[in-house]
Every structure is written in C-alpha cells, then in structure tokens.
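Asker:
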Amino acid sequence: MLKTYRGSCHCGAVRFEADLDLDQPTYRCNRSICRRTHFWPVVARDGGVRVLSGEPELTPYLFNRRKNQHGFCRHCGARPYGTDTPIGRMYGVNLGCLEGVSEEELSRLSISCADGLNDRWQDAPAFCSHL
Ligand SMILES: [Zn+2]
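Numbered by the numbering used here, the letters in the sequence shown go through residues -6 to 124 in order.
1. For ligand 1, any of its heavy atoms closer than 6 Å to the Cβ of Cys90?
2. For His68, verify whether its CB is less than 6 Å away from any heavy atom of ligand 1.
3. Going by other Cβ atoms of all chains shown within 10 Å of its Cβ, with 16 needed for buried, is Asn111 buried or exposed?
4. Check whether the Cβ of Ala119 lies closer than 6 Å to any heavy atom of ligand 2, and answer yes or no.
5. Taking 6 Å as the cut-off, is the C-beta of His31 nearer than that to any heavy atom in ligand 1?
6. For the alpha helix (DSSP H) that contains Arg8, what are its first and last residues?
7. Can you tell me where the beta strand (DSSP E) holding Ser105 begins and where it ends?
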C-alpha cells in the first residue's frame, strides 16, 4: 500500500518526503555505483519524491552515460535518492534515509537482486548475498 514517508540525509540538511509501497520489492544491485556505496533503494514513481528543504545542498553525480543522477549531501555524503531517466522519471529512494521505519520493518522487506552490471535489470546476478 502506498504511504508517504519522510526522510533526510544523515546531517539533516536535506529533507524529503516520498510516496512508497514497502510491500513491493526493494533492490540490491551489483552495478559499480551501487556496489561502492551499498545503495539499497525502493522505487518511487514520477512525482513520488518531494524535497522539503535543502535541495541546494545536494551535489549531483551523473553516471551510466549521464542518464542517471544521484544527489549526495555535500555535508555528510549521504545519498537520499537518485533518478533514473531512461525508463521514465522514477526515483530510487534510499531506505537507509527514511525516518519512522523501524529496524524490524526494514528486516522484513523483500529484496530483489538486479544484475545492473550487465544491464540485465530483470535478472538476479549469480552472486548477490554480499550486495
Ligand atoms: Zn547531509
């Protein structure tokens, strides 16, 4: 069920709200950026993320032939969400940045592994327990 959550970067300079369905799978991906930053997103659709404050504090980082943009807080380095433009504007919201979601709730979320390293997003990579 779609519900609105609030979130922030670690230092609180960036605050946002996102319409998310945490009954849907969350993702772990073996792409180089996800692997290096241990990004754990859940998908929000177009219009499903609204920055409440601090957007200028995000340093944009473009990758994947500049099709993807993720913002890192310039103070604490946290990445609250990123956008993926080639398949429509959708957001990957960092579950670690949500407020009001307990450790128990996080531990119950369904996780799908995506083989982003080989652009086979619908398939799980051979190895994913480390992601
Ligand atoms: Zn911050």
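In this text, a Cβ means the ideal position worked out from N, Cα and C, and glycines have one as well. Computed from a predicted structure; not experimentally measured.
Answerer: Well, looking at it:
1. Residue mapping note: residue 90 aligns to position 97 of the sequence shown, counting from 1. It does not: the Cβ of Cys90 is nowhere closer than 6 Å to a heavy atom of ligand 1.
2. The sequence position of residue 68 within the sequence shown is 75, counting from 1. Yes, the beta carbon of His68 sits closer than 6 Å to at least one heavy atom of ligand 1.
3. As a working mapping, residue 111 is identified with position 118 in the sequence shown. With fewer than 16 other Cβ atoms within 10 Å, it is exposed.
4. No copy of ligand 2 occurs in the structure displayed; its ligands are ligand 1 alone.
5. Working through the sequence shown from its first residue, we reach residue 31 at position 38. Checking every heavy atom of ligand 1 against the Cβ of His31, none is found closer than 6 Å.
6. Mapped onto the sequence shown, residue 8 falls at position 15. No alpha helix (DSSP H) holds Arg8; the beta strand (DSSP E) holding it covers Arg8 to Leu13.
7. Working through the sequence shown from its first residue, we reach residue 105 at position 112. Its beta strand (DSSP E) spans residues Ile104 to Ala107.
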